Structures are given as structure tokens and as C-alpha cells.
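S.K.: Chains as they are written, first to last, in my numbering: chain A, 277 to 696; chain B, 272 to 579.
What follows is a structure written as C-alpha cells; I'll ask about it next.
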């Protein structure tokens, strides 16, 4: 009875929005202030073009776009959400949006998610936008993580794409024997080590355990956590990672792979563009899913999602909602995620994944070979403070694996303080 | 007899008290801004350090728990301990800028062709931004491509990763910081040397003072004011050290190059931070340390003005 009322209401709402959708949107007037953190040239152009198309469809709207440097945005958002809120703001999914949701600074947009156009086509990312059973924004792009590797080096050494931990280690041994490092990485800004931890822990203990750890329900001194680090240590002791990674940013670690001093890079898909720019062709560069370690756990992947939100203090929420609908619509998703623009994965199931081998592989992997679940990334899944301390610990572990006991007890103390 | 009431009528309260009021009127803008931007925030920091606040929600009063946490971080040899230890290293090592600046100033204090050019070249590092200094030294120290390891390699020393080694990193950053700070001290001493009394040098020479004895007994006493200022700016500079750390290491590797100022920023304002109360507690500790030095400086200035 109860649920059928709900369905009826939803259907009514849907028909209302469908019926009045066109005329209502034509009447949108007033100002629409959009704050973006897409400050790199390509994403910036993509966003501005998309906003221009939106403006064309709604000539009555006075749209004002502000692009803020991506790093500066992370601290400025706290000020502008409270003091001088725009109507639409970019941010990140999952725990990263929790502080603003809990402070009541993001608008509940569950109504948008009830509309069939979104409910049917964006189901895969719904979980990442949900806190306390409500949705607080919409995604506009996401991308896969995985191992990008030098196919030509693999061929030269007679290696094949690994699928199990033993194959991975066997490959690495041969790569090290050839005088190279298996993996390049730059941990100066810490988060790259978080990617390794995500994969090693999800493969060793599974997605659910990983999320329990991120939410502070498991001790860092747990035997299962130690097993993750033991697996990690095998690669470290082998000489799998480049030396001095603690001094490099992720970009500074790219040349090692380009010059052939390292054979692979565990990274997000955004690494493909600079690697191609540096001269690696698609014959040299390829991708494989992070290998399975514990056969008893299902594969789970990292796929960080970037999002649009409506601040609670926004002035023109109708126009903002229309903009969110527009941004996630299938045609716009196809355009903004194609390789000429963001070069990432569209969030709308009806849109086209670009004809690019990395995006195609990533899309296939996330839609069919990630049964365990999809994580956002360590520093978005864990609370900011825990993420910071733990990633510092991961970096220390990668440089001084013998300090593991001290690191874990430090993380355990931090856990008890942070989650309370 | 009749003039007195006339005068009293003409002179308003303002006119009678002009002498007392005028200085305060002139000081008022300065006092106002100093109060709003310096004095009041100090008390606000004290207050905030007793709360737990993420900058968004409601602040929760926690008493001295933030300080207790700092104490436990000290006991556990954790981040706070590292920061305090590094601050001490900064304070001591940074003082090297004073003798180094003096040495260069003495060296440059001669009249040869083009000395002005040399002086400005030596002063150059102080003119460029700390950010640039940080970047230049980061590249200099780079373990694979850096000039330092090329130089070391030429004399057969194996490469070292200065900024990636938790024991060397602070010294590496201080060394970068000494470059502009030495230039600053040099300029202070160069101006001081202009004011050295030639007659005293003459007299010293007649008495047979030369070299180090001349420097120690005749020149240095006359450079006292310059030394004092160099000391003040160097101590304050060491305690404020932030930009170089932020540019060169972000406090890493694994937090071993943090100082209090950077730790405070990290905890309160960085991407993963927003523990405002805890950051304020660190700020209070840093303030206390600075206050110690500032009080000493003010006291010794006061003593000097009174002529001992």
C-alpha cells in the first residue's frame, strides 16, 4: 500500500515534469552563478562550451561562470558555500562531500534522482552521491584506475598481461632483472600511495573490509591489514618501485615510464593524456586491470567521480536543477567525456563511450568486471584527517618497510581519535 | 582680571587638552588596525584553541584537550615533536646567516671597479621570491637530474636524495633559506660598515690592532646595532619558515620536515585539515615561543635606549 502510493506519486511527479518540462525550462530567468574547479585548459574549455550550449537553450538566463584553481578551490569552497554561495558548484562524491552535507550546505536533490531520466540512467553512480538515504548532487564524469604499462617493454621481455598476483610478481622479477623498475610512482603529495593501498587492500581483503577500514570500524593492527602490507612489501623488497619516489609528484614520475626506466604506472586514466603527449603511441602503451590477489574476494575498482552540487544557499535553484539535468543528459555526457574534451567515462548509461582503447577497456572493466563494488579513492572514502595520516604512513612504509609496526600503531591511535 | 574668564570662554575642552589628545589622534588609525588585525586575533586564537571546530558546523567546547593531544604527540614523538624539534634546528642553523652575512659584507666593503654590481648580485637572492628559491633548490637537490648529485658524482660520492631523506631534509631546506637570509644580513652589515668611525680604526692601527683583533675589538662593537637587527630578523625569519617547506617538501617525506607554522597550516587550513581548534592550539604554542624572543628584544632595546 505504502510503496504503491510512493510509486504513484513518483509517476505523477515524473509525468508532471515531463509534461511541463519544455515550457517551464523556457521560462527560466534570473542569474545563474556557476563555480568550477576545472582550471586545467582542456576541462575548462569543455565546461565553458557546455555552459554556452545551456545558455543557448535558455536565453532568459544570465549565466556567470567562475573558474577557480583546482587546488585553491578545495579550501575556498568552505568560504563561498557559507558566505556567497553560487547556484551550482563542482565537487567530489562520497565522503569528500560529507562535511558539507552534514553542515547543511548542500541542497538535497533526491527529487532529481526520482525523475526517470536520471533514475534509470545514472544508477551506477547513485551510491556515491548518497548520504543518509538522500542524494546531494549529480556526477558529471568519472574515470577508471588501473595499471598503465609499456606494451613494448613487456614484448621485449616476453611478458604477458598478468591476471594473478603470482604472474604479477613473476613479471616484476623479470622487469627488475632487466635493470628497470616495475612501477613508477611519485609520492611527494601522498595520494598516489593511497591508490596502491586501495588496490592491495581491496584485492587482499575485499571491498567491504576496505570500506569498513575507511569508516574506522576495523583496527589498523588487524591481522588482515598486516596481510595487505605484507603483499605490498613483496613488491617493495623486490625493488619494484622507482627509487626516491618520495621526492616526486605524480607528473614528475611520468618521465621514468616514458624513458623506459619503469614499465608500469598504477594511475587514473588522466595519466594517459600526458603519456601520449610525451610521445608514447598506443602500440607502446596499454592497460590492464589490477590483478586479483586473494581468489576468495570479488574484484573491486577505484573510479573517482566528479560532481555538481547545488549549495543550500543558492539563489536560483530552479535554474540550477535544470543545469544539473542538462549536464547529466545523454547527449551532453557523450560530448563532454569524449577524448577531445575530458576524455573520461560518461555517467549516463545512454551515452556513447568514446572510441578510445583506454576508455573502452575502462568502461568494460567497471561495468562487467567489478562485481565487488566501486570505490571513490582512499582520500575520498576515508575522512580527510584519516586519509592524511594514513597516506603519510603508506609513504613511510614504501621507503622504510621495517617501520611497519610503528606506523600501524600510529594509525591505530589516529583512528581512535578521529572516529570517536 | 577680566581677561581670564574671556580666555576660558574661548578655549574649548579640546583646545585645553590639545597637547594630550593630538598624539592619540595621530596614533588612532594605527592602534585601530593593530588591534583589529593583531591583538584581537591573538585572543581569538586563544579562545578557539579551547574548542573543536571544523570551520563549518558548531564549535564544541573541549577545554584544554587540544593541548593534551599536543602533549601526547610530544610524548609519542609524533608530528608535534618533529615540528618543535625542527623549529629548534631552524633557529640555531638560521643564525649562521649572521656570520656569513658579516663575512661577505667585509669582503665587499672595498672600493674597486664595479663593486656596486657585485654588491647587487650578492643581494639578488633576497630580492627574488622565496617560492623561486624553493624551486631552484628543489631542482638542485633532485636525486636523478639535480646539479648537486652531478657535482658529487664528479668527485666520486654516491648520489644522495636530500629532500627524500628524513634526517637530511630539514638541513637541506635551511640551506636553501640561508641563501636569501645571508644576503639580507649582508646588506644590514654593509650599511653598518658605512657608519664605522675611521678615526677609531686609525687609532686602533696605531695601537697595533690588526686582522681578527681589529674586527673583534674595533669594528664589531660599532656594528652592534646592525647585529641586533640581523639577529631579530633572522630569529623571526626562522620561526616563520613556511614557504620553503611548502614549496620544497610539503612537510615530507612522511612529515619529517614540518615546523610549527607548517603543521598549523596543515592541520587547520590545508586540503585534509580543518581542525581549527587544534591549529589554534599550535598557533598559541608558536606565539608563546615568539613572545619569548620578542620580549627579550624589546627589553634589550629598552635597556639600550635608557643607556643601560
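Glycine residues also receive a C-beta, built at the ideal position from the N, C-alpha and C atoms.
Since the model is a prediction, treat every value here as computed from it, not as a measurement.
Rank 402/B, 436/B, 505/B, 422/B by C-alpha distance to the C-alpha of residue 449/B and give the top, closest one.
M.R.: Closest option to residue 449/B, Cα to Cα, is 505/B.
S.K.: Measure the alpha-carbon distance for residue 329/A versus residue 328/B and round it to whole angstroms.
M.R.: Each residue's alpha carbon lies about 37 Å from the other.
S.K.: Would you list the one or two residues that DSSP bridges to residue 585/A?
M.R.: Bridge partners of residue 585/A: 365/A.
S.K.: Identify, in the order they occur along the chain, each residue of the same chain with its Cβ nearer than 7 Å to the Cβ of residue 555/B, setting aside the five sequence neighbours on each side.
M.R.: Result list for residue 555/B: 316, 317, 320, in chain order.
S.K.: If we count the other Cβ atoms within 10 Å of its Cβ and call it buried at 16 or more, is residue 300/A buried or exposed?
M.R.: With a pLDDT of 44 at residue 300/A, under the threshold of 50, the modelled position of this residue cannot be trusted; read the value that follows with caution. So residue 300/A counts as exposed.
S.K.: Buried or exposed: residue 538/B, going by 16 or more other Cβ atoms within 10 Å of its Cβ?
M.R.: Burial call: buried.
S.K.: Are at least three pairs of beta-carbons, each pair with one atom in the segment 357-368 of chain B and one in the segment 500-519 of chain B, less than 8 Å apart?
M.R.: Contact between the segment 357-368 of chain B and the segment 500-519 of chain B is present, because at least three Cβ pairs lie under 8 Å.
S.K.: With a 10 Å radius around its C-beta and 16 neighbouring C-beta atoms as the bar for buried, classify residue 497/A as buried or exposed.
M.R.: With fewer than 16 other Cβ atoms within 10 Å, it is exposed.
S.K.: Whole angstroms are fine: how far does the CA of residue 512/B sit from the CA of residue 432/B?
M.R.: Approximately 22 Å, taken between the alpha carbons.
S.K.: Please classify residue 297/A: does DSSP put it in a helix, a strand, or coil?
M.R.: Low confidence applies here, because residue 297/A scores a pLDDT of 39, under 50, leaving its location unreliable; read the following figure in that light. Here residue 297/A sits in helix by DSSP.
S.K.: Residue 401/A bridges to which residues according to DSSP?
M.R.: The partner list for residue 401/A (beta bridge, DSSP) is empty, contrary to what the question assumes.
S.K.: The segment 423-434 of chain B: which residues have C-beta closer than 7 Å to a C-beta of chain A, in chain order?
M.R.: Listed by position, the residues of the segment 423-434 of chain B near chain A (Cβ gap below 7 Å) are 432, 434.
S.K.: Which residues of chain A have a Cβ atom closer than 9 Å to the Cβ of residue 540/B, listed in chain order?
M.R.: Result: 351.
S.K.: So with Cβ pairs under 7 Å, would you call residue 327/B a contact of chain A?
M.R.: Taking Cβ atoms only, chain A reaches closer than 7 Å to residue 327/B, which makes this a yes.
S.K.: Which residues of the segment 513-530 of chain B have a Cβ closer than 8 Å to any Cβ of chain A? Give them in chain order.
M.R.: Listed in sequence order: 520, 521, 523, 524, 525, 526.
S.K.: Going by Cα to Cα distance, which pick from 627/A, 695/A, 648/A is closest to residue 397/A?
M.R.: Measuring from the Cα of residue 397/A, the nearest candidate turns out to be 627/A.
S.K.: Which residue spans inside the segment 399-457 of chain A form an unbroken alpha helix (DSSP H) run of at least 4?
M.R.: Entirely contained in the segment 399-457 of chain A, the alpha helix (DSSP H) runs reaching 4 residues are, in chain order, 399-402, 427-432, 441-453.
S.K.: Which chain A residues sit within Cβ distance under 9 Å of residue 349/B?
M.R.: 686, 689, listed in chain order.
S.K.: Secondary structure at residue 566/B, three-state DSSP: helix, strand or coil?
M.R.: If DSSP states are grouped into helix, strand and coil, residue 566/B belongs with the helices.
S.K.: Look up residue 307/A in the DSSP assignment and say whether it is helix, strand or coil.
M.R.: Of the three classes helix, strand and coil, the one that applies to residue 307/A here is strand, per DSSP.
S.K.: What three-state label does DSSP hand residue 371/B in the structure shown?
M.R.: Helix at residue 371/B.
S.K.: For the putative contact between residue 620/A and residue 418/A, defined by C-beta atoms under 8 Å, what is the C-beta separation to the nearest angstrom?
M.R.: Going by Cβ atoms, the distance from residue 620/A to residue 418/A rounds to 6 Å, so yes, they are a contact pair.
S.K.: If the cut is a Cβ gap below 7 Å, which residues of chain B does residue 489/A touch?
M.R.: Those do not exist, as residue 489/A stays about 17 Å from chain B at its closest Cβ, beyond 7 Å.
S.K.: Under 9 Å between beta-carbons, which chain B residues line up against residue 377/A? List them in chain order, please.
M.R.: Neighbours of residue 377/A on chain B: none; closest Cβ ~11 Å, over 9 Å.
S.K.: Using C-beta distances below 8 Å, list every residue in its chain close to residue 477/A, excluding the 5 sequence neighbours before and after it, in chain order.
M.R.: So the list reads 485, 486, 489, 501, 504, once near-sequence residues are dropped.
S.K.: Using a C-beta to C-beta distance shorter than 8 Å, which residues of chain B count as neighbours of residue 671/A?
M.R.: Those within 8 Å of residue 671/A in chain B are 523, 524, 525.
S.K.: Taking the alpha carbon of residue 444/B as the reference point, which residue from 388/B, 294/B, 518/B, 302/B has its own alpha carbon closest?
M.R.: Answer by Cα proximity: 518/B.
S.K.: For the segment 543-568 of chain B, which residues have a beta carbon sitting closer than 9 Å to at least one beta carbon of chain A?
M.R.: Result list: 543, 544, 545, 546.
S.K.: According to DSSP, is residue 382/B helix, strand or coil?
M.R.: Reduced to three states, the DSSP call for residue 382/B is coil.
S.K.: In its own chain, which residues sit with a C-beta less than 7 Å from the C-beta of residue 410/B, not counting the 5 before and 5 after it?
M.R.: 417.
S.K.: Using a C-beta cutoff of 7 Å, does residue 636/A count as contacting chain B?
M.R.: No, its Cβ sits nowhere closer than 7 Å to a Cβ of chain B.
S.K.: From which residue to which residue does the alpha helix (DSSP H) around residue 417/B run?
M.R.: Segment: none, residue 417/B is in no alpha helix (DSSP H) and carries neither H nor E.
S.K.: Counting only Cβ pairs nearer than 8 Å, list the residues of chain A close to residue 414/B.
M.R.: Chain A residues near residue 414/B: 519, 520, 523.
S.K.: In this structure, how does DSSP classify residue 562/A when only helix, strand and coil are distinguished?
M.R.: Strand, per DSSP.
S.K.: Taking the alpha-carbon positions, what's the residue 471/A to residue 326/A distance?
M.R.: Going from the Cα of residue 471/A to the Cα of residue 326/A covers about 31 Å.
S.K.: Less than 7 Å between the C-beta atoms of residue 539/A and residue 376/A, yes or no?
M.R.: It is not a contact, given that the beta carbons lie outside the stated cut-off.
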